[in-house]
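Report on one structure; see the data block that follows.
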Amino acid sequence: MMKINKFLILTLIVLNGSCSPAPKYFGHGSKPKRKDRVDKKRIENIEKIEISLMPPVKGFSRNRITSFFGLRKDPKYETEEFHKGIDINAKRGDYVFASADGTVEFSGRQRGYGHVIIINHGNRIRTVYAHLEIDLVSPGDEVKKGDKIGRVGDSGRATSCHLHFELREAEKALDPLKYLDVKSEDVSNEE
Ligand SMILES: [Zn+2]
Numbered sequence: 003m004m005k006i007n008k009f010l011i012l013t014l015i016v017l018n019g020s021c022s023p024a025p026k027y028f029g030h031g032s033k034p035k036r037k038d039r040v041d042k043k044r045i046e047n048i049e050k051i052e053i054s055l056m057p058p059v060k061g062f063s064r065n066r067i068t069s070f071f072g073l074r075k076d077p078k079y080e081t082e083e084f085h086k087g088i089d090i091n092a093k094r095g096d097y098v099f100a101s102a103d104g105t106v107e108f109s110g111r112q113r114g115y116g117h118v119i120i121i122n123h124g125n126r127i128r129t130v131y132a133h134l135e136i137d138l139v140s141p142g143d144e145v146k147k148g149d150k151i152g153r154v155g156d157s158g159r160a161t162s163c164h165l166h167f168e169l170r171e172a173e174k175a176l177d178p179l180k181y182l183d184v185k186s187e188d189v190s191n192e193e
């Protein structure tokens, strides 16, 4: 009798033990899914806003984009990060142009961005120009679409010279490509 009881208790302990790792397994499996859902939401959140952007560098074309907007994988660490803008290949010292009329809200250094200029276009819409070599404007300056605001560099977290360009509505990052008026750049190329 005692032997059977001991066996039963042991069996119960073993069964309990074998059950407890199971939820851990499922938890591990669902974790990346949850992350995907959050990121998807961020992308789906994009609504059309009323703005037409002039390309911020001369001779812009889609094939000069070295990194697009959205989720991107870091091949070294196999992690995913959300790229909040587009990277446009450019030479050191190339002029950077204001994409639309607005007021310079920030010009200075920011972690990762290096030297960055932020232009406020009203209606909580802003454009961001990062990794600059130098700026040609100061906070408070009124700028018109096409004004020279700075020069391309590789300041901040950049491995080569390029312009990191962002479009924001309040705190939300939008895909600048959807708002870029590439035709206006064709015209300015004719000078
Ligand atoms: Zn970038």
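Counting the sequence shown from 1 gives a position; our numbering is that position plus 2.
Note that beta-carbon positions come from the ideal geometry of N, C-alpha and C, so glycine has one too.
In the structure shown, residue 150 adopts extended strand secondary structure according to DSSP, grouped into three states. About 15 Å separates the CB atoms of residue 121 and residue 51; that is not less than 8 Å, and the two are not in contact. Between residue 134 and residue 154 a beta carbon distance of about 7 Å is seen, short of the 8 Å cut, so the two are scored as contacting. Within the region 86 to 145, the beta strand (DSSP E) runs of at least 3 residues that lie entirely inside it are, in chain order, 88 to 91, 97 to 99, 104 to 112, 116 to 122 and 127 to 137. One Cα belongs to residue 140, the other to residue 82, and the distance between them is close to 35 Å. The set of residues with any CB-heavy atom separation to ligand 1 below 6 Å comprises, in chain order, 69, 85, 87, 89 and 166. Each residue's CA atom was taken as its position, placing residue 66 and residue 177 some 16 Å apart. Boundaries of the beta strand (DSSP E) around residue 174: 174 to 176. For residue 183 and residue 97, the gap between their C-alpha atoms comes out near 18 Å. In chain order, 92, 93, 94, 154, 155 and 156 place their CB closer than 7 Å to the CB of residue 163, counting only its own chain and leaving out the 5 sequence neighbours on each side. By the beta-carbon neighbour count (other beta carbons within 10 angstroms, threshold 16), residue 53 is buried. When rounded, the separation of the alpha-carbon atoms in residue 116 and residue 64 is 24 Å. When 161, 151, 101 and 169 are compared, the shortest CA-CA separation from residue 110 is found for 151.
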